[in-house]
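Trainee: First the structure, which I've put down as structure tokens, then a few questions once you've had a look.
In the numbering used here, the protein residues as written are 146 to 481.
Okay, here's the thing in structure tokens:
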């Protein structure tokens with residue numbers, strides 16, 4: 146949000162097609178906003194809070210009122226409501242959507258803002274060396290925006306390597322632990338989890354090469370944790386399924402057993418149950434389970450009634466995408 150306001154200050158006062166202001170969307174969103182978005186949107190367009198329909202006694206409205214607003218008060222209220230991910234969050238410098246009013250900002254916030262902006266701009270450069278992207282991510286591990294874009298850069302670098310496992314390994318050597326660190330530091334940011342899973346998928350062909358290990362790095366367990374923490378987020382589920390599939394396909398029975406041992410198989414079943422109408426989630430979950438069950442030596446749970454019902458439902462609703470893998474999974478888990 147800060148980066149958008151930095152580039153387009155008036156955006157905080159622009160309604161969408163439904164006549165809804167950005168601050169209203171931020172408050173109502175089920176996903177948290179990186180970098181104190183609600184506070185920044187209010188700073189840019191104070192009048193917007195009046196259109197959020199918070200009610201006269203809402204604590205957020207009180208803390209942001211012109212009479213009582215202070216940075217500490219706003220931070221405290223946002224934290225209580227679970228709407229602020231970073232107590233030391235940044236506020237876009239130079240944003241002035243309130244008719245020319247000037248506002249004081251703490252020097253620390255200004256410095257952090259500039260450093261964050263520079264880091265975000267750097268990791269987005271197509272020609273940034275992977276080692277420098279990784280260094281920037283570790284130096285800004287508390288910045289969700291840097292982590293999100295950094296994971297995207299890692300995914301792109303690994304995909305550009307094509308079929309060369311050695312080239313992918315050069316990215317994954319430090320990239321895997323960096324992506325895992327991003328996930329661990331931002332467990333409540335679905336977009337960070339999503340992009341990190343995509344990066345792990347792209348780097349999966351390097352598992353077992355040189356010192357790359359998706360098991361020892363915690364990549365498998367962290368991916369499963371992302372699925373458990375964001376069951377209702379279809380995008381996270383889809384990307385996590387892809388990551389687990391890629392890891393198991395490369396690592397074989399050992400990796401398949403590891404996935405199951407950290408409740409990965411259960412997470413896949415939950416993904417099927419939570420998103421029965423999402424063809425991509427259904428397909429990716431089935432494909433992942435098909436890979437896991439393709440190794441006779443892997444230690445996997447037996448087919449229970451719930452899993453069987455979900456697989457049948459997926460096959461019936463999306464026969465083209467899910468029928469064949471669902472049939473194979475059921476047969477293997479039944480020992481056929």
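Don't be surprised by glycine CBs; every beta carbon is placed ideally from N, CA and C.
Near residue 363, which residues of its chain fall below 7 Å by C-beta distance, leaving aside the five closest residues on each side in sequence?
Mentor: Indexing the chain shown from 1 puts residue 363 at position 218. By the criterion of a C-beta distance shorter than 7 Å, residue 363 is surrounded in its chain by 325, once the five residues flanking it on both sides are discounted.
Trainee: Along the chain, which unbroken stretches of the alpha helix (DSSP H) at least 4 residues long are found entirely within the segment 364 to 435?
Mentor: 364 to 374, 379 to 406 and 409 to 419
Trainee: Label residue 340 either buried or exposed according to how many other C-beta atoms from any shown protein chain fall within 10 Å of its C-beta, with 16 as the threshold for buried.
Mentor: In the chain shown, residue 340 corresponds to position 195, counting from 1. Answer is buried; the Cβ neighbour count reaches 16.
Trainee: On a Cα-Cα basis, can you pick out the residue from 415, 408, 439 and 370 that is closest to residue 334?
Mentor: Mapped onto the chain shown, residue 334 falls at position 189. With distances taken between Cα atoms, residue 334 lies closest to 370.
Trainee: On a CA-only basis, which of 172, 388 and 445 is nearest residue 349? Give me that one, please.
Mentor: By one-based count along the chain shown, residue 349 stands at place 204. The candidate whose alpha carbon is nearest that of residue 349 is 388.
Trainee: Do you know how far the Cα of residue 194 is from the Cα of residue 460?
Mentor: Indexing the chain shown from 1 puts residue 460 at position 315. Indexing the chain shown from 1 puts residue 194 at position 49. Taking the straight line from one Cα to the other gives about 47 Å.
Trainee: Taking the CB atoms as reference points, tell me whether residue 327 and residue 337 lie closer together than 7 Å.
Mentor: For this step, residue 327 is matched to residue 182 along the chain shown. For this step, residue 337 is matched to residue 192 along the chain shown. Cβ atoms of residue 327 and residue 337: closer than 7 Å.
Trainee: Please state the DSSP three-state secondary structure of residue 286.
Mentor: As a first step, residue 286 must be located in the chain shown, where it is residue number 141. Here residue 286 sits in coil by DSSP.
Trainee: Would you mind reading off the limits of the alpha helix (DSSP H) that contains residue 453?
Mentor: Taking the chain shown and counting its residues from 1, the one referred to as residue 453 is at position 308. Its alpha helix (DSSP H) spans residues 450 to 462.
Trainee: Along the chain, where does the alpha helix (DSSP H) containing residue 270 start, and where does it finish?
Mentor: The residue you call residue 270 lines up with position 125 of the chain shown. Segment: none, residue 270 is in no alpha helix (DSSP H) and carries neither H nor E.
Trainee: Excluding the 5 residues flanking residue 365 on each side, which residues of the same chain have their C-beta closer than 8 Å to its C-beta?
Mentor: By 1-based counting over the chain shown, the position of residue 365 is 220. Once the five neighbours on either side are set aside, the close Cβ partners of residue 365 are 359, 389, 392, 400, 403, 404, 407 and 409.
Trainee: Going by C-alpha to C-alpha distance, which of 355, 285, 476 and 156 sits closest to residue 310?
Mentor: The residue given as residue 310 occupies position 165 in the chain shown. Checked all of 355, 285, 476 and 156; the closest Cα to residue 310 is 355.
Trainee: Can you name, in chain order, every residue of its own chain whose Cβ lies under 8 Å from the Cβ of residue 332, other than the five neighbours on each side?
Mentor: Sequence index remark: in the chain shown, residue 332 carries index 187 (1-based). Closer than 8 Å at the Cβ level, and outside the excluded window around residue 332, lie 338, 370, 371 and 374.
Trainee: What's the call for residue 125, buried or exposed, on a 16-neighbour Cβ count within 10 Å?
Mentor: The structure shown does not extend to residue 125, since the chain is modelled only from 146 through 481, so no value can be given for it.
Trainee: Output the distance between the C-alpha atoms of residue 232 and residue 268, rounded to the nearest integer angstrom.
Mentor: Walking along the chain shown from the start, residue 232 turns up at place 87. Walking along the chain shown from the start, residue 268 turns up at place 123. Unreliable positioning characterises residue 232 in this predicted model, as indicated by a pLDDT of 42, which lies under 50. The coordinate reading is nonetheless provided below. Going by C-alpha positions, residue 232 is about 24 Å away from residue 268.
Trainee: Tell me the start and end of each unbroken alpha helix (DSSP H) in the segment 331 to 367 that is at least 4 residues and wholly inside, in chain order.
Mentor: 335 to 348
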